[in-house]
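So that you can map any letter, position 52 of the sequence shown is 52 in UniProt numbering, and since no number is skipped, the others follow by simple counting.
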Amino acid sequence: MEGNPLLKHIRNVRWAFSDIVCGYMLGKNSCALYLSLRYHLHHPDYLYYQIRELGKNFNLLVVLCHVDVEDVKPLLEVTRTALLHDCALLCGWRYDVNV
């Protein structure tokens with residue numbers, strides 16, 4: 001996911017670029033897919049095909065959805081796709097959240 005603005009906010013863990021289908025490997029049996037809601041508006045089938053390509057290779061698949069548009073109605077479709085494919089869904093409105 002080179003060029004992903006989220007990367008500059010990932011700290012205190014080691015990460016590297018690799019040729020993998022999912023956006024982020026979280027562990028041996030878990031991964032995450034990054035999806036911008038703005039990107040989803042232009043490519044509505046992207047999430048479905050990414051999940052389908054991953055198949056049942058992971059015990060946990062997390063969809064990281066960046067809500068970067070004013071109208072959040074398309075989030076319903078993302079939620080539905082995630083739920084139908086047994087994915088966890090985390091939504092964020094900003095990259096830089098200090099905890």
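Here a beta-carbon is modelled for each residue, glycine too, at the ideal position from N, C-alpha and C.
Under the three-state reduction of DSSP, which class applies to Val69: helix, strand or coil? On the sequence shown, position 69 is the one that residue 69 refers to. In the structure shown, Val69 sits in coil (DSSP, three-state: anything other than H, G, I, E or B).
Please return the same chain residues whose Cβ sits closer than 7 Å to the Cβ of Thr79, not counting the five positions on each side in sequence. Against the sequence shown, residue 79 aligns to sequence position 79. Leu89, listed in sequence order.
Residues in the same chain with beta-carbon distance under 7 Å from Lys73, minus the five sequence neighbours each way, listed in chain order, please. As a working note, residue 73 is residue 73 in the sequence shown. There are no such residues.
Looking only at its chain, what residues have a beta carbon closer than 6 Å to the beta carbon of Leu33, apart from the 5 residues adjacent to it on each side? Taking the sequence shown and counting its residues from 1, one reaches residue 33 at position 33. So the list reads Cys22, Gly23, Gln50 and Val63, once near-sequence residues are dropped.
Where does the unbroken beta strand (DSSP E) through Gly92 begin, and where does it stop? Taking the sequence shown and counting its residues from 1, the one referred to as residue 92 is at position 92. Gly92 -> beta strand (DSSP E) spans Ala88 to Gly92.
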